[in-house]
Amino acid sequence: MRVALLIDSADAEKYKDLSAWLPIDGVTTNPSILASNQNVSAEEQIKKLDQILNDKQTLHVQVVSENAEAMVVEGKRIYSAFDREVIIKVPVSKEGFKAIKSFYEKGIRTTATGIFTIQQAFLASKAGASFVAPYVNRIDDQHGDSREVLERIMHLFHLYQMPTRVIAASFKNVRQAEEAMLAGVHELTIAPDIFEKLIMHQGTTDSIKQFTQHFEGAFGQDKVMFN
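Written as structure tokens, this is what we have:
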């Protein structure tokens, strides 16, 4: 199974920085992420992302409305604003389940977001969600075991051959991302600062420094292979 890596950010510049060294499969956003940059409208932030993503990368945009009818109207407006397919994120309230079902009937793919439990993920899949997004850090904060929740959702989807993909979301540290990888989820959406920390280790930094010192000590400063 190929795991997908997504950036949980609406910052187009941070996307460009990360995509220079990391193969990115898409971007997820939510109202809080968009609100963190009050100098640029939410619509403009999403349009900038649309311009730099290729056709194979996914773009997930969340509705703000809270009742099903308004969610569907808002989601359809988002969906029709772009030439690409935009995946509509919908929170798993009772109204959200209604909206997910309605979107499914209209052929619009959704991500059921705000998942904390196995049963929420199961019901969201049954309602027609293409993706479910369990909130890893928030599960842990409420004395849950996020890895166990992820593993059990994956087991349940495999057991019943449910096509919904699991996107692990809401990470606050490297350990949580590592546990989600080991849980075997289909996709992970990670904030830029956590991505940076995933490749950092003092042992790696020390090793690189030592290699350079040894080579320069033997062959002189500013020397490289086959110089």
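Numbering (full-length UniProt numbering), first residue to last: 1 to 227. The beta-carbon is built from N, C-alpha and C at its ideal position, and this holds for glycine as well.
*Output the boundary residues of the alpha helix (DSSP H) element that contains Gly114.*
Residue mapping note: residue 114 aligns to position 114 of the sequence shown, counting from 1. From DSSP, Gly114 is part of no alpha helix (DSSP H) but of the beta strand (DSSP E) over Thr110 to Ile115.
*From this set, Ile199, Gln221 and Val61, which residue's C-alpha is nearest Leu18's C-alpha?*
Taking the first residue of the sequence shown as 1, we reach residue 18 at position 18. Per the Cα distances, Ile199.
*Please report the Cβ distance between Thr88 and Phe103, rounded to the nearest whole angstrom; I am assuming they are in contact, meaning their Cβ atoms lie under 8 Å.*
Here residue 88 corresponds to residue number 88 of the sequence shown, with the count starting at 1. Here residue 103 corresponds to residue number 103 of the sequence shown, with the count starting at 1. According to the sequence as given, residue 88 is Ile; it is not Thr. Contact holds; Cβ gap of about 6 Å.
*asked:* Which of the three DSSP states is assigned to Phe226 in this structure?
replied: As a working note, residue 226 is residue 226 in the sequence shown. DSSP places Phe226 in coil when its eight states are reduced to three.
*In this structure, does DSSP put Gln62 in helix, strand or coil?*
In the sequence shown, counting from the first residue as 1, residue 62 sits at position 62. Gln62 falls in the strand class under three-state DSSP.
*Which term fits Gln45, buried or exposed, when burial requires 16 or more other beta carbons within 10 angstroms of its beta carbon?*
Along the sequence shown, one-based indexing puts residue 45 at 45. Label assigned to Gln45: buried.
*Does the region 207-225 touch the region 15-32, meaning 3 or more C-beta pairs lie closer than 8 Å?*
no
*Measure the alpha-carbon distance for Thr113 versus Ala127 and round it to whole angstroms.*
To locate residue 113, count along the sequence shown from 1; it is residue 113. To locate residue 127, count along the sequence shown from 1; it is residue 127. Spanning the two alpha carbons is a distance of roughly 13 Å.
*Is the CB of Met162 under 7 Å away from at least one CB in chain C?*
The structure shown contains no chain C; it holds only a single protein chain.
*Excluding the 5 residues preceding and the 5 following Arg109 in the sequence, name in chain order all residues of the same chain whose CB lies nearer than 8 Å to its CB.*
Here the question's residue 109 lines up with position 109 in the sequence shown. Within the same chain, Arg109 has close Cβ partners Glu85, Ile87, Ile88, Phe103, Ser130 and Phe131.
*If you draw a straight line from the C-alpha of Ala42 to the C-alpha of Arg147, how long is it?*
Taking the sequence shown and counting its residues from 1, one reaches residue 42 at position 42. Taking the sequence shown and counting its residues from 1, one reaches residue 147 at position 147. So the alpha carbons of these two residues sit roughly 32 Å apart.
*asked:* Please state the DSSP three-state secondary structure of Glu85.
replied: For the purposes of this step, residue 85 is taken as the residue at position 85 of the sequence shown. Looking at Glu85 - three-state DSSP - the assignment turns out to be coil, as it is neither helix nor strand.
_Once the 5 residues before and after Ala183 are set aside, which same chain residues still bring their CB inside 6 Å of it?_
In the sequence shown, the residue the question calls residue 183 occupies position 183. Arg147, Leu150 and Glu151.
*When the Cα of Lys16 is compared with those of Leu34, Ser36 and Asn54, which residue comes out closest?*
Position 16 of the sequence shown, counted from the first residue, corresponds to residue 16. That would be Asn54, whose Cα lies nearest to the Cα of Lys16.
*Inspect the beta-carbon positions of Ile190 and Phe171 and report whether they are closer than 7 Å.*
Sequence index remark: in the sequence shown, residue 190 carries index 190 (1-based). Sequence index remark: in the sequence shown, residue 171 carries index 171 (1-based). Cβ atoms of Ile190 and Phe171: closer than 7 Å.
*Assuming Met71 contacts Val92 (C-beta within less than 8 Å), just tell me the rounded distance between them.*
As a position in the sequence shown, residue 71 is number 71, starting the count at 1. As a position in the sequence shown, residue 92 is number 92, starting the count at 1. In fact, because the Cβ distance is near 12 Å, the residues do not count as touching under 8 Å.
*Is it the case that the Cβ atoms of Ala68 and Lys106 are separated by a distance below 7 Å?*
By 1-based counting over the sequence shown, the position of residue 68 is 68. By 1-based counting over the sequence shown, the position of residue 106 is 106. No; because the gap between Cβ atoms is not below 7 Å, this pair is not in contact.
*Buried or exposed for Val166, please, with buried defined as at least 16 other CB atoms from any protein chain shown within 10 angstroms of its CB.*
Against the sequence shown, residue 166 aligns to sequence position 166. Classification of Val166: buried, given that the 10 Å Cβ count is 16 or more.
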